[in-house]
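Report on the structure given below.
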RNA sequence: GCCGCUAUCGUCUAGGGGUCAGGACGGGUGGUUCUCAGCCACCAAACCGGGGUUCGAAUCCCCGUAGCGGUACCA
C-alpha cells in the first residue's frame with residue numbers, strides 16, 4: 022500500500038492517463054458495471070486523461086447489438102461520456118496476428134481435446150486434488166496424432182503456454198503478490214471456431230490502446246496473472262491494475278444478472294424515477310470514500326476528489342435505503358420547474374395527463390407535494406386525486422377520521438357540510454382566506470382542527486396523509502371541492 | 001477439491017500503537033404541525049477469534065475461523 026505506484030496522485034504525465042471500461046454486451050448495464058465505468062471515468066477526468074469505451078464482444082453467441090445500445094444509453098443517462106470507442110469483434114485481424122506470433126514463438130500451441138475429454142480431465146484433476154485441471158497434454162502431440170484428429174474433423178483451440186517462473190501481480194488497491202504458475206493452466210486463447218477469447222483480446226487491446234490503468238472488479242483478479250503471462254510472451258507492456266471490490270447483495274453475495282435479475286439493471290432505477298446524480302453519488306460510495314464528513318458529492322467534486330488510493334478492499338452491500346435517501350435529496354434539490362419537468366413523464370405514463378393541464382397548475386402540485394418524493398415515480402400515487410375523483414376512500418382512514426359509529430359519522434357529515442358552506446361563500450378562494458375561515462369555524466365550534474381537516478382531507482383525496490390541505494383545496498379549485506364533499510357525504 | 005481475496009455499528013464507511021472508536025443511511029424516542037413527509041434534539045448499535053510484539057493493540061506480526069470471488073472453447 023505504501024509503495025503504491027504513481028498514477029494515483031497528480032504528476033507530470035497526467036495527460037497520458039488512459040483507462041477503459043470494457044463491458045461485454047450480454048445484457049443491460051448493471052450496478053457493478055456502472056460503478057466500474059464511473060471509477061474509470063472519474064479517474065480519467067481527474068487526471069485529464071482519456072476514457073475509452075471498448076465493447077468486449079468476443080463471445081458472439083451471447084453478445085447482442087441491442088445490449089450494446091442499452092449500455093450506451095445507460096452510460097449517457099448517467100452522464101458518463103467516452104473519448105474513444107472500439108468494438109473487439111471488428112478487430113479480429115489484430116488478434117490473429119498476435120496469435121500467429123505466439124504460435125511461432127512456441128508460447129502457444131493447438132489443443133485438440135474435445136469438450137468431453139476436457140470434462141473428464143477436470144473431474145479427474147479435482148478428484149486428485151490438483152490445483153489445475155488441464156495438464157498441457159496437447160503440447161506433446163505426435164504429428165500422427167494431429168493428423169488423426171484433423172482427419173476426424175476436430176477443430177483445435179489455441180492454448181497459451183504458462184511460464185515456469187512466478188508471475189508478479191501489482192495491484193493499486195490490493196497490493197502486490199507473486200502467483201505460482203503451477204496453479205495456472207494453459208488457458209484457451211482462441212476457440213475452435215477461430216474466435217479469440219477475452220484473456221487474449223483484453224490484454225492485447227490494453228497494450229494496443231495504450232491503457233495505463235485497468236480498473237475493474239475483483240472477479241477479474243484470477244485472470245490477471247494469465248493476462249500478464251500473455252503480455253509477457255508477446256513482449257507487450259502491462260498496464261497497472263486496480264481491482265475494485267464487488268458490489269454485494271444483502272446476504273453478501275455478488276450482485277449479478279443471473280441471481281438478481283433487473284434488480285441490478287441501471288435502467289430499472291431510471292424507470293422507477295431515480296436521478297442519475299443520485300445513482301452516481303450512491304454507487305461511488307460503494308467502495309470509495311473521501312473522509313468521515315462528506316456523503317453528498319457533486320460530479321465536479323467527485324472528479325476533483327476521486328483517488329484510487331481511497332478505494333477499500335472489501336465488498337460493499339447495495340443498500341437501497343441509502344439510494345432512496347440520496348435520491349430524495351437530489352430531487353429536493355431541483356427547483357420546482359425542474360422537478361415538474363422530471364415528473365411529467367411519470368404522470369403521462371399513468372395516463373393522468375391529457376395535455377390540457379396548465380403548467381402553472383402542475384408546478385403548483387409539485388410545490389405542494391414538496392419534499393415528499395423519494396422517487397419521481399412517487400408522484401403518481403401521491404397526486405392521482407388531483408387528476409381524477411375516481412379514488413378509493415382508504416378504509417382505515419375512514420374508520421379513524423370519519424368515525425366508526427353512527428353518531429360519529431353524523432358529526433362528520435355535519436362538519437363537512439359546514440365546511441362546504443363556508444367554502445361556497447368564501448369571498449376569495451386563496452390559502453389565507455380559506456385557512457382563516459376554517460380555523461374560525463373549528464375554534465368557535467370547539468371542533469378539533471385535526472378532526473375537521475382529516476375529515477376533509479379524506480373527502481378530497483381519499484387518504485389521511487399528503488400535502489397541506491389548504492394547498493390541495495386551492496389547487497383542486499372551488500368547483501371540484503364543492504363536488505367532492507357531497508360525494509364523500511354520500512359515501513359516509 | 002484447488003487458487004485467490006477480504007474481515008470496524010444491521011448497512012456504507014472514517015480512523016489506525018494511548019480516541020468516550022467518529023460520521024452517514026436505516027431503526028427508536030421526543031419536539032414542531034391539519035395529516036404525512038421534512039426539520040430539530042436525543043438514544044441504541046461495531047473493531048471476527050486466539051496467540052504474540054509492546055508500558056500500551058481495533059491499529060503491527062502469526063495462526064485460526066468465517067465470508068466471498070474464480071475455477072468455461074463467458075467476460
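Numbering (the numbering used here), first residue to last: 22 to 513.
C-beta atoms are modelled at their ideal positions from N, C-alpha and C, and glycine is treated no differently.
Owing to the predicted nature of the structure, the values given are computational and were not obtained by experimental measurement.
query: Would you kindly report the start and end of the unbroken beta strand (DSSP E) that includes residue 129?; result: 129 to 132
query: Give the secondary structure of residue 23 by DSSP, where H, G and I count as helix, E and B as strand, and everything else as coil.; result: The predicted position of residue 23 is uncertain, since its pLDDT is 32 and thus under 50; a value taken from the coordinates is nonetheless stated next. Looking at residue 23 - three-state DSSP - the assignment turns out to be coil, as it is neither helix nor strand.
query: Which residues mark the beginning and the end of the beta strand (DSSP E) in which residue 108 is found?; result: 105 to 108
query: Comparing alpha-carbon positions, which option in 40, 312 and 209 lies nearest residue 128?; result: 209
query: When DSSP builds the beta bridges, which residues end up paired with residue 42?; result: 74
query: Assuming the contact rule is C-beta atoms closer than 8 angstroms, residue 334 and residue 195 should be a hit. Round their C-beta distance to whole Å, please.; result: 6 angstroms
query: With distances taken between CB atoms, is the gap from residue 395 to residue 348 smaller than 8 angstroms?; result: yes
query: Could you say if the segment 42 to 57 and the segment 288 to 307 meet the contact criterion of at least three C-beta pairs nearer than 8 angstroms?; result: yes
query: Report the rounded CA-to-CA distance for residue 357 versus residue 445, giving the unit in angstroms.; result: 30 angstroms
query: To which residues of the same chain is residue 392 closer than 6 angstroms at the C-beta, ignoring the five residues directly before and after it?; result: 353
query: Is residue 360 near residue 387, with beta carbons less than 8 angstroms apart?; result: yes
query: Just to confirm, are residue 142 and residue 108 a CB contact at a threshold of 8 angstroms?; result: no
query: Does the separation of the CB atoms of residue 202 and residue 234 fall below 8 angstroms?; result: no
query: Using only the alpha-carbon positions, how far apart do residue 488 and residue 459 sit?; result: 17 angstroms
query: In angstroms with no decimal places, state the Cα-to-Cα distance between residue 474 and residue 490.; result: 7 angstroms
query: Over what stretch of residues does the beta strand (DSSP E) that includes residue 261 continue unbroken?; result: 261 to 265
query: Just to check my reading of the structure: residue 367 and residue 401 have Cβ atoms closer than 8 angstroms, yes? What is that Cβ distance to the nearest angstrom?; result: 6 angstroms
query: Please name the residue, chosen from 140, 167 and 165, that lies closest to residue 154 on a Cα-to-Cα basis.; result: 140
query: Check whether the segment 102 to 120 and the segment 69 to 84 touch, using three or more Cβ-Cβ pairs below 8 angstroms as the test.; result: yes
query: Out of 147, 301, 150 and 278, which one is the CA nearest neighbour of residue 98?; result: 301
query: Grouping DSSP H, G and I as helix and E and B as strand, with all else coil, what is residue 405?; result: helix
query: Would you say residue 294 and residue 397 are within 8 angstroms of each other, going by their C-beta atoms?; result: yes
query: Considering Cα atoms alone, identify which of 311, 451, 343 and 64 is closest to residue 299.; result: 343
query: Once the 5 residues before and after residue 96 are set aside, which same chain residues still bring their CB inside 7 angstroms of it?; result: 50 and 58
query: Inspect the beta-carbon positions of residue 89 and residue 46 and report whether they are closer than 8 angstroms.; result: yes
query: Which ranges would you report for the alpha helix (DSSP H) in the segment 183 to 246 if only whole runs of at least 4 residues count?; result: 219 to 229
query: Residues in the same chain with beta-carbon distance under 7 angstroms from residue 303, minus the five sequence neighbours each way, listed in chain order, please.; result: 343, 344 and 347
query: So, are the CB atoms of residue 266 and residue 190 less than 8 angstroms apart?; result: no
query: May I have the straight-line CA-CA distance separating residue 145 from residue 182, to the nearest angstrom?; result: 21 angstroms
query: Less than 8 angstroms between the C-beta atoms of residue 404 and residue 222, yes or no?; result: no
query: Thinking residue 236 and residue 263 are a contact (beta carbons under 8 angstroms), I'd like their distance in whole angstroms, please.; result: 5 angstroms
query: So, are the CB atoms of residue 296 and residue 63 less than 8 angstroms apart?; result: no
query: Report, in whole angstroms, the separation of the C-beta atoms of residue 218 and residue 212, which I expect to be a contact under 8 angstroms.; result: 6 angstroms
query: What residue range is occupied by the uninterrupted alpha helix (DSSP H) comprising residue 167?; result: 164 to 173
query: Only counting the same chain, and skipping five residues up and downstream in sequence, which positions put a Cβ closer than 6 angstroms to that of residue 258?; result: 228
query: Quick one: is residue 457 buried, meaning 16 or more other Cβ sit within 10 Å of its Cβ, or exposed?; result: exposed
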